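Chemist:
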Amino acid sequence: MNSMNNVTTIKELVTKKITVLKEEVIDQYQVSFEVKKDDVHHLLSVLKQAGWRQLSYLSAVDWIEDNEFELVYIVFNWEKPVHIQIRCRIDRNAPTMDTILPIYPGAKYYEREAHEFFGIAFPGNDSHEKQLILENWDDIPPLRKDFDPKAYSDARFPKREYSNDHVEMNGQKESKQAKREERRTHILDLIKGGKK
Amino acid sequence: MASLELLLIFTLISGVIAYLVGKVHPKTGSILTIIVSGIVFASLAYFGLNEQLLTKVSYLPYISFIQTPLAIFFGVLVSFVFFMVSFFNPYFIDKYTYKAVYSLLYLLSLAGIIGIFFTDNFMTLFFFFELVVWSSLFLIPLGRDEEVSVWYFGFSVFGSFALLSAILLMQSVTGTFDITTGLQAVSGFNRLSVFILLLIAAFAKLGAFPLHYWLPKVLTDSPDPVTSIFSGGLEKLGAFIAVLGLVKLVPTGFFIDVMDMYLTHYILAILGSLTIIGGTVMAIRQDDAKKLLAYSSMSNGGYIIVALSLGSSAGISGGLYHIIAHAIASTAAFLAIGAVARQTNTTKMSELGGMLHKMPITYMVYLIAIISMAGIPPMGGFISKWLIFQGVINKGLILVAAATFFGSIGSFLYVFRPLAALFLGQELPQFKETIKEAPIVMLIPMVILSLLNIVTGVYPTNILAYINTLLVDLNIVQLDITRWTIVGTNGTLNPALIAVMFALGVFIAFIIFISLKKSRKVELMDTYTAANFIYTEELLHYSVDFYAPIERLYEPYIHFMKKFYQALANKVREVGALVKYYIFTSKPEVATFFIMLVIAILLWGDLV
Amino acid sequence: MMINILIGFGVALFGFVLQTSLGGINRKIIGRLQKRYGPKWYQEFLDIFKLLSKRAISHGWLFDFGVIMALGGIIATATFMPVTNSIVAFPNYDNFFIFVYLIAVGMLGMAMSASGSGNPYASIGVMRALTTMLAYEVPFMIVILTIIKLTGTSSITGIAEFQQLAGNNWFMIALPLGFIVSFMALMGMLGKKPFETYIAPAEIASGPMVEYGGKQLGMLFIMHEITVFIEVSLFVHLFLGGAENILIFLLKYAAVYTLVNLISNVYGRFKIDQVVKFFYKWPLLLAIVQAVIAVYLGWVI
Amino acid sequence: MRKLKLFLGPQHPGMHGNAAIHMYVEGDIIKKSYLLPGMLHRGFEKGMERHSFVNNISLIPRVCVVEPDINELAFAMAVEKLADLKVPERAEWIRMIIMELARISIHLMAYGGLGGPTGNYTLMYHAHADRNTILGFFERITGHRVYHQYIVPGGVRKDLPNDGIEADILDFLTDLENRYDEYRDLGIENPTLLARIKDTILLPEEVVWELGVTGIGMRSAVNKPYDIRKKMPYCKYDEVEFNVPVSNYSDARSRVDLKLKEVVQSIRIIRQCIDKMPEGKVRVPIAQGQSMRWTVPKGHVYSVVESSRGEFGYYMVSNGGTHPYRVGVRGASYPQGLLGIEKYMPGTRIDDAALWVDTMGVCSPEIDR
Amino acid sequence: MKSTKFSELTQEQIDRKWWEIGDFFRRNSLWMLMYCTGCCAIELPPAMTSAYDMERLGMGPMATPRQADVLLVTGYLSLKTLRRLIYTYEQMSEPKYIVGFGSCTINGGIYHDSHAVINQLDRYIPVDVYVAGCMPNTESVMNGFVDLMTLIKNKQANGWIKYKENNDWYKQNQKEALGEVKIKDEFHE
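Chains W, A, D, F and L supply the protein sequences, listed in that same order.
So that you can map any letter, position 183 of the first sequence is 183 in the numbering used here, and since no number is skipped, the others follow by simple counting.
Quick note, the numbering used here runs 196 ahead of the 1-based positions in the second sequence.
Quick note, the numbering used here runs 804 ahead of the 1-based positions in the third sequence.
Quick note, the numbering used here runs 1105 ahead of the 1-based positions in the fourth sequence.
Quick note, the numbering used here runs 1474 ahead of the 1-based positions in the fifth sequence.
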C-alpha cells in the first residue's frame, strides 16, 4: 500500500538522524514521535527539507501530575500525506522553548497563544509575550490544569438567581438546589478520571 | 489727494519715512503702511469712481497720466488689496530679518502699481513694471528661501524682456509709445508679434501655463502677507497686460467661423484651459495650504485668460468680474491661512487640525472665501463663473468648456481640503491650550473681505454697471443688466433672488431643527470607531494624502513641466557659473542690480 | 413675488412627498427583485419621522449648522425647479447653472458637517463624494453645453418647451450618445451602484452619515429625497421633453427613477478611482463626440 | 508622516464575525495592520476538558458557527480513532451527504457574502435564499437548522427521515445547477464586480507555504489538488468520483470562482451518495446505557477534515478517563487570519480590506475558540 | 371657551401625546445595529433575507450605533466583547432598545462555567426582550421583534430609562466584571 510506504520512509528518515524516545504509528496517515527538547529544531528542519513544509498545529498539553508540559508540533506534507506529531516534554515550573520561527514563520501566533494559555515562554519570538486573545487577564494561564474556570466564573460573573423552587417527587419535597449540588460533585468526580 | 502725481510722490516719500521709522521701531513703520495704503485706496476710490482724478504732472519728468475706467478699475482693486493686507503687517513684522526694509518695499510696490495702471505711456509702464518686480523680488526672500526669488526673477526678466521687445517693436512700427494709439496703429505681422510678446509678459506675470512654474514656489515661500499681495494684487498686473493685449490690441490671424473667434484667441483659450487643468490638478495634491491656494491662483488666472480671450461681452465682463471676485476671495483665504499660520507657525495640513474650535471667525472667513472660489452662490465667484460659462457655451468651445467645468468642480475639491484638514476634524492636543482667535485688527480686513464676498454675490449689478462703462471704453457691446438681474446670452440670473431663497431655505431648516428634540452634546473623541477604543486625536484625523485615489491616477504625468524647467535652469546655471565667477557674488539681489543696470544703459538711447 | 415664493416651497414639499413615496415603492420593487416581500410603500416616511422623533447627539455647533445649511440649500434649489411647463415658481429664472451650483451649497453643508464630526470615515466619505462629483460632472456638463447651444436657452422650462414644440422630439432621441452619458451621470449623481462609493457601508461604514443619528440624520434624509427629486426631474426636463401636465411628469419621473434603481441593483460598486477612470474614458469621449456632431456639424436627428 | 488609524470590526458592516482589524492608513493604503482576536473566546478547549466525551457532542458544533458539521465530524473521527470504533457503512454515506450539503451552504453564504463588500445585495439575497433551503433540509434530517449535533462518535444520531428527503434534495440540487449560470452572471461574471475582484488581493505561492494557508487559498495558488478528501480520504470519499478545482493564479476572483466550482463537485458527490447509499444501521452503540461513564483508551490523535477554508483539525489527548484530557482545535483560517493579516494585508487599499477578509476566508470563531 | 380644549392639557400631557406619536413611528421603523457578538448572529441573515424578510416590519440593518435603534446582542458575550458592547450602547441615540439572543445572554447557557464569558447580560446593560434558545429559531427571532414592537406600544420597552436612572448600579457591575470599561493599552493607543 502506497501510503503505508510513506510512513516507513518517515520512520527511516527520522530515526537515522535523531534519537527518538518513543514512536507511534497511529494509522497510515499519521505518525507520532516523542523526542528530547533539544532535538526538536533539528528534527523540524530535517522534516521541512524533506517536504513537510506546512506547520499544521502547535500547542501544548499540561501533564500536571508529571509536572511537565508537552509541546506538540504537527507538520504536514501534501505530496506524501502524513501528519507527523512531534512531541517533547518541558519543565512545568520554568517552561521555555526556543522559537521555531526561523523554520516555520507561520508559528508566530501559535507560540503567542501557547504563551497566553500555558505560560510557556518562546525566546526568539518577539511578540510572544503580548496578549492576544485575553484582555486584562489577571489569573494563571487558563488552560493549565490547576485553573478552575468555574470558580473564576462564579467569583467574577454572578449567576442569575432563580427562585429556589421545589419539585414534587413521589410526594416528598426535594430541593432543586440540593440536586444540583449533588450533580456537580458527581461531575467533579468524573473529571478526575471517573469511576472505572 | 486727487492728483495722481502727488499720490505717487506721497507713497514714495512715506515709504522712505516708514523705512527710517522702521529702523527705530519696526512696528510703527508697519503701522505707517496701513495708514498710507489706506489713504491711497481712499483717494483712488473716492476720486477715481467720481472721475475727478487729476492727471496733471508738474514735478516728475517723462511721466504722464491718463484716467481711464480700466485704470481706475484695476487701481482701486489692487490698492484695496494692499490696504486690506497691510493690517497684517504689524503682526508679522517681527518674523522678518530686515524689518524696516519690508515697509519700504511694501509701499514701493504700491507706488509702482499706481504708476502702471494710470500711465498712458508704454515706457513709463515698463519703468513702473520693473519697480514692482524689484520691490516684490526683495519681499520674497524675507520669508525663508532665496532660491524661489531666483525663479521669480528669472520668469520676471523673461516677461520684462518680452514686454520691452513688444514696446520697442511697436514703437519702431508706429513711432509712438502711447498705449491706446500705439496698440491701434500697429498692423500686419507686427501686430501678431506684439500680441504674442505682450501675452508672454502677461502669462509670466499671471503665472499661466507654460510660464507658471514660479507662482506656487513664490506664493508658498514668501511671508504670509506678501502671499496675499501676490495672489490678490500683483498677479493682476498680468491680467492688466492681458487686457491690453487681448482686448485693446485689434485681434489678428485666422478667423474660425464655427467658433466665432480668431485662431490666436482660440489658442490662448486652450492655453488658459491648460492652466486651469494644471492648476486644479496640482492644487488637489498639495499638502501645504498656501501652496494649494497658490495653485488655485494659477487655475483662476487660467479662467481670466479664457474669459478675456472669448472677446464677447459676457466673456470679458465675466473675466473682469472674476478678477474682482478672485482678488477678494483669494486674499481672504490667504489671510485666513496666514492668521492660522501666525498662531501655529505652520501651514502644512498634515500637521494641523480642529482649528475651528479655537478660531471660529477665521473659519467663517475661510468658508465664505472658498464658497466664492468654488463658484457657488450666493458669493461673487458664482456670478463671474456664470458669465464665463455663458461666454464659453455661446461660442461652443467644447474643449475649453470641458476644462472650465473640470476646474470649477475641481476647485470644489481642493478648497474643501484645507477646510477639512485644517479647520475641521479632531482637535489636536498640541493646539488645544495655546491657540487663540486671531487679534481683532487682523480680523477687521478678513471680515470686510467676507462681507464683500457676499455683496459681490448678492448684488453684483452695481459693479457690473461699472464694468459696462469700462466695456464702452474698450469698444465692446455692453452686458444687459437691470437693477436685480443679469441677462446673459442664454438665460437670466437673479442673484438676489437666489440669496433670498437660500436664506429662506436655511430659515425653514432652522425652524425644523429647533422645533425638534434638543440634542445631547458629546465630545469629539466620542465617535464611531467600529467599537474600538482610541485616545490619540492625531490617529483619528484624516488629513494626509486626502485625495489619494485620484492623485494616483495622474501622479506619473505631473512632472514633465518641472523636468523641463529644471533642465533649463541647469543649463542657465552652467553659463551663469562662468559669468558669476568673474562678476557676481552669490546674492541674487546683486545679480539683479547688475542686469538692470545693463538694461538701463541699453534703454537710455531710446528714452532720449 | 410672495405667491411665487410660496409656489417654490410648494414644489419643494411636493418633491419631498413624491420622492419619498416613490422611494418606498421602489424599495418594494427591489424587494421583489431580490425574492422578498419588501417593506410598506410608506416606509420611508416612517423612517424619516422616526429619526426626527429621536434624541440625537451633537458634536458642536458646526455639526448642526452644516445640516441646517445642507437642508436649506437644497430646499432653496428645489424652489427653482419647474414641475410642468406652467407650475414653475420663478419663470425665466430656472437657470440650469443654479441647480448645478446651488445644490453644491447643500453638499458643502453636509460635507462640512460630516467632517466637523471628527470621524475619519466621514472625511473619507466626503472625499469620495467630491471625487465622484468630479468624475460625472464633466461629461454631463458637456452634454448640457450641447443642449444649451442647440436650444439657445439655459432655462429648464425653455429647454422642455423647445422639445415639445419640436413635435416631442426629445433629446433622448435627438442626442442618443449624450443621453447615454447623462444617464450614467445621473446614476452617479444619485449615488446608485456602481457609483455608490461614498456610502459603501462595508468599507467606510456609510461614509459621511457615520456620525449622524436622530434629527440630523432625519434632516439629511429629507435633504437626500429632495436632492433626488431635483436631479431626476432635471433629467426628465432635459432629455424626456419635460411635461405638459402633472400626470405626464409623474409618469416620466417614476419611469426614470425606477429604471435607475433596477439597473443599479444588479451591480456591485466600483472603487473610487475606477469611477473616475470609467467616466473619463468612454462617457467623456462620447460626450465630446456628441457635442462635435451636434454643435459643429449640426447633425441632430 | 502622520498616520490614520482605522478599524474594521468588531462592529462594522464590512466585518463578518466578531473580530477587529486595526489598520494604520496613509492616504488610502494600509501601511500596518493586525487582527485583534479574542472577542469570541469562550475557553472552548478548557470547556471540552470539563465535559465527558458524550457531553461534548453538544458543545463542539459551536466552535465554528458558520460551519458546525466539520467540528462534529472531526471530533467524532478523533474519538473513533482513539476508541477504535468502526462506523456502519450507511452512516459514512449519510455523513458525506451532510458534509457536502454543509459545504454547498457555506460556499453559497460566502458567495453571497461577496455581495456585502462589493455592494451587490441582490446576489446576497439570492444566495441566502438557497442557503435557507439547505437549512430546511438539515432541519428535516436532524431537527436543527444550524447546530445539528448529528454526527456522533460511532455513526450518526439517527437515520434519514422516511419522507422522501432524498428526492427533495435531488430536486433542489438540479434546480441549483440550472441557476448556476445565473449565479455566475450576477456575481463573478458581473463587470462591476469583476473590476473589484480581478487582480486584487493576490496570494502568491510562496506566501501560501510561508503562512501555511490551506484549502481553496492554497489550491488557487499552487495549481495542485491539495484536498484532504483526495489526499487522505475519510468517510467514503475514495469511492466517489469528483474533481478538485484548482488554478495557478490566486486573486480574489479565482478564489471565489473555485468556491462556485466546488459547489458543482459537491452536487456531484451528493448525487453519487444518494445513489450508492446502502441500507443498514447508522450507529454503533457505545457503552450501552452508560454513555456518560464511557471511557476512551489512552492516546493522542490528530484528526482532520476538509472544511470550506481548508484543513480543519482536532488534536485530542485522552488519559483513559471519561473526559478528554486535552482537545486542541486547529482552525482552518488561523494562518491567514492572524499572520496573514499582519504580514500581507499592508499594501491593500481600504476599499479592499473587507474583501480581503472575505475572500481569504477568515472565520473569527475558529481563531478565538 | 375656545381655548379650554388646549388649556386642559398640561405641558406634560402634550409631551406624552407627542411621545405616543413618536412611538408609532419608532415601532414601525426599527433599525438594528449589526453587531455579531456571538453565534446567534448566524440566524439573522435568514431573518433578514428572502425567507422571512424583516424589512416587512420596517426593520433593517444599519452601519453605526448612532443611526440604530435596536442593539441585537446575538449570543454569548466574552469580556472583550462586553466592553465594546457597552461602549457601543452608550453611543446610540435615545430611545434605544436591546434584544438579547440565546440562552447565553440569559444565564450563560452552555458557557456558564467559562472563564471568559459573562453569565447574565442584564446586570451590565438593560435588556428589553430576550429570545431564548440555543440557537433560537428564525421564527422565534421574528417573534422577539414583534414582542419588542408590542412592548414599545405599551410603553414597557424602557430599558434605556432604567439605564439612566440606575446608572450607578450598572456601572458598578460593569466595573466588577471588567475593571475599567474602556481600556488603554498598546493596542488601543
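Ideal Cβ positions, reconstructed from N, Cα and C, are used throughout, including at glycine.
On a predicted model such as this, the values are computed, not experimentally measured, just so you know.
So with CB distances below 7 Å, who are the chain D contacts of F:Pro-1118?
Modeler: The answer, in chain order, is Pro-1005, Ala-1006, Ala-1009.
Chemist: Report the CB separation of A:Leu-442 from A:Ser-505 in whole angstroms; it is logged as a contact under 8 Å.
Modeler: Between A:Ser-505 and A:Leu-442 the Cβ distance is about 6 Å, and since that is below 8 Å, they are a contact.
Chemist: So, for A:Pro-556: in the same chain, excluding its five sequence neighbours on each side, which residues have a beta-carbon less than 8 Å away from its beta-carbon?
Modeler: The answer, listed in chain order, is Glu-633.
Chemist: Leaving out five residues before and five after W:Lys-196 in sequence, what residues of the same chain have Cβ atoms less than 8 Å from its Cβ?
Modeler: Caution applies to W:Lys-196, whose pLDDT of 46 falls short of 50 and renders its modelled position unreliable; the value that the coordinates give is listed next. Within the same chain, W:Lys-196 has no close Cβ partners at all.
Chemist: Kindly list, in the order they appear in chain D, the residues whose Cβ is closer than 7 Å to that of L:Ala-1521.
Modeler: The premise fails here: L:Ala-1521 is roughly 12 Å from chain D at the closest Cβ pair, so nothing lies under 7 Å.
Chemist: Does the beta-carbon of A:Tyr-753 have 16 or more other beta-carbons within 10 angstroms, so that it is buried, or is it exposed?
Modeler: Exposed.
Chemist: Would you grab the beta carbon distance between A:Leu-467 and A:Ala-404 for me? Rounded to a whole angstrom, and I think it's under 8 Å.
Modeler: The Cβ separation is near 7 Å, so the contact holds.
Chemist: Go ahead and label A:Val-668 buried or exposed: buried means 16 or more other beta carbons lie within 10 angstroms of its beta carbon, across all protein chains shown.
Modeler: With fewer than 16 other Cβ atoms within 10 Å, it is exposed.
Chemist: Could you tell me which chain F residues have their CB closer than 8 Å to the CB of L:Glu-1517, listed as they occur along the chain?
Modeler: Going along chain F in sequence order, the residues near L:Glu-1517 (Cβ under 8 Å) are Arg-1250, Val-1251.
Chemist: Would you tell me roughly how many angstroms separate the C-alpha atoms of A:Phe-602 and W:Glu-79, rounded to the nearest one?
Modeler: Near 59 Å, if we compare the C-alpha coordinates of W:Glu-79 and A:Phe-602.
Chemist: According to the Cβ coordinates, are F:Gly-1415 and F:Tyr-1407 closer than 7 Å?
Modeler: No; because the gap between Cβ atoms is not below 7 Å, this pair is not in contact.
Chemist: Could you give the DSSP three-state label for A:Ser-469: helix, strand or coil?
Modeler: If DSSP states are grouped into helix, strand and coil, A:Ser-469 belongs with the helices.
Chemist: Hey, is L:His-1662's beta-carbon within less than 7 Å of any beta-carbon in chain W?
Modeler: Not one chain W Cβ lies under 7 Å of L:His-1662.
Chemist: According to DSSP, is L:Trp-1505 helix, strand or coil?
Modeler: Of the three classes helix, strand and coil, the one that applies to L:Trp-1505 here is strand, per DSSP.
Chemist: Looking only at DSSP bridge pairs, what is F:Met-1128 linked to?
Modeler: DSSP lists F:Leu-1111, F:Ser-1138 as partners of F:Met-1128.
Chemist: Does the Cβ-Cβ distance between F:Thr-1427 and W:Leu-190 come in under 7 Å?
Modeler: Yes, the Cβ-Cβ distance between F:Thr-1427 and W:Leu-190 is below 7 Å.
Chemist: Along chain A, in chain order, which residues have C-beta atoms closer than 9 Å to that of F:Gly-1114?
Modeler: Residues of chain A passing the Cβ test: Ala-726, Ala-727, Asn-728.
Chemist: Can you check whether the C-beta of L:Ala-1525 is within less than 7 Å of a C-beta belonging to chain C?
Modeler: Of the chains in the structure shown, none is chain C; the protein chains are W, A, D, F and L.
Chemist: If we cut at 7 Å on Cβ distances, does A:Pro-745 have a partner in chain F?
Modeler: It does: the Cβ of A:Pro-745 has a partner Cβ on chain F nearer than 7 Å.
Chemist: Nearest-angstrom Cα distance between D:Phe-867 and D:Met-931?
Modeler: D:Phe-867 and D:Met-931: Cα-Cα distance of roughly 17 Å.
Chemist: Closer than 8 Å by beta-carbon distance: list the chain A residues that pair up with L:Tyr-1561, in chain order.
Modeler: Chain A residues near L:Tyr-1561: Ala-727, Phe-729.
Chemist: Starting from D:Phe-853, follow the alpha helix (DSSP H) in both directions and report where the run begins and ends.
Modeler: Per DSSP, D:Phe-853 belongs to the alpha helix (DSSP H) from 847-857.
Chemist: What residues from chain A crowd round F:Gly-1132, counting only those whose CB sits closer than 7 Å?
Modeler: Chain A residues near F:Gly-1132: Val-740, Asp-741, Ala-744.
Chemist: Restricting to Cα atoms, I'd like to know which of A:Met-575, A:Phe-314, A:Ser-199, A:Met-366 is closest to A:Val-651.
Modeler: If we check each option's Cα against that of A:Val-651, A:Met-575 comes out closest.
Chemist: Tell me A:Ser-233's beta-bridge partners as DSSP assigns them.
Modeler: Answer is none; A:Ser-233 lacks a bridge partner.
Chemist: Quick one: Cα of A:His-221 to Cα of A:Ile-213, how far?
Modeler: Computed Cα separation, rounded: 12 Å.
Chemist: Of the residues F:Arg-1262, F:Val-1261, F:His-1212, F:Gly-1425, which one's Cα is nearest the Cα of F:Ala-1232?
Modeler: Ranking the options by Cα distance to F:Ala-1232, first place goes to F:His-1212.
Chemist: Consult DSSP for D:Trp-1086 and reduce its assignment to one of helix, strand or coil.
Modeler: Of the three classes helix, strand and coil, the one that applies to D:Trp-1086 here is helix, per DSSP.
Chemist: Looking at chain F, which residues of the region 93-106 of chain W have a Cβ within less than 7 Å of any of its Cβ atoms?
Modeler: Hits within the stretch, in order: Pro-105, Gly-106.
Chemist: Can you list the residues of chain F that L:Ser-1588 reaches, using a CB-CB cut of under 7 Å?
Modeler: Chain F residues near L:Ser-1588: Arg-1147, Gly-1148, Gly-1152.
Chemist: What's the C-alpha gap between D:Thr-961 and D:Thr-888?
Modeler: Their backbone Cα atoms lie some 8 Å apart in a straight line.
Chemist: Pick helix, strand or coil for F:Met-1229, following the three-state DSSP scheme.
Modeler: F:Met-1229 falls in the helix class under three-state DSSP.
Chemist: Checking the sheet assignment: what are the DSSP bridge partners for D:Ser-862?
Modeler: D:Ser-862 pairs with A:Lys-717.
Chemist: Beta-carbon within less than 8 Å of W:Val-20's beta-carbon, same chain only, minus the 5 sequence neighbours each way: which residues are those?
Modeler: The residues are Val-14, Phe-33, Glu-34, Val-35.
Chemist: Using only alpha-carbon positions, find the residue among F:Val-1313, F:Asp-1343, F:Lys-1341, F:Asn-1328 that is nearest to W:Ser-56.
Modeler: It is F:Val-1313 whose Cα lies nearest to the Cα of W:Ser-56.
Chemist: Which residue wins for smallest C-alpha separation from F:Leu-1111, given the options D:Phe-849, D:Gly-814, D:Gly-922?
Modeler: It is D:Gly-922 whose Cα lies nearest to the Cα of F:Leu-1111.
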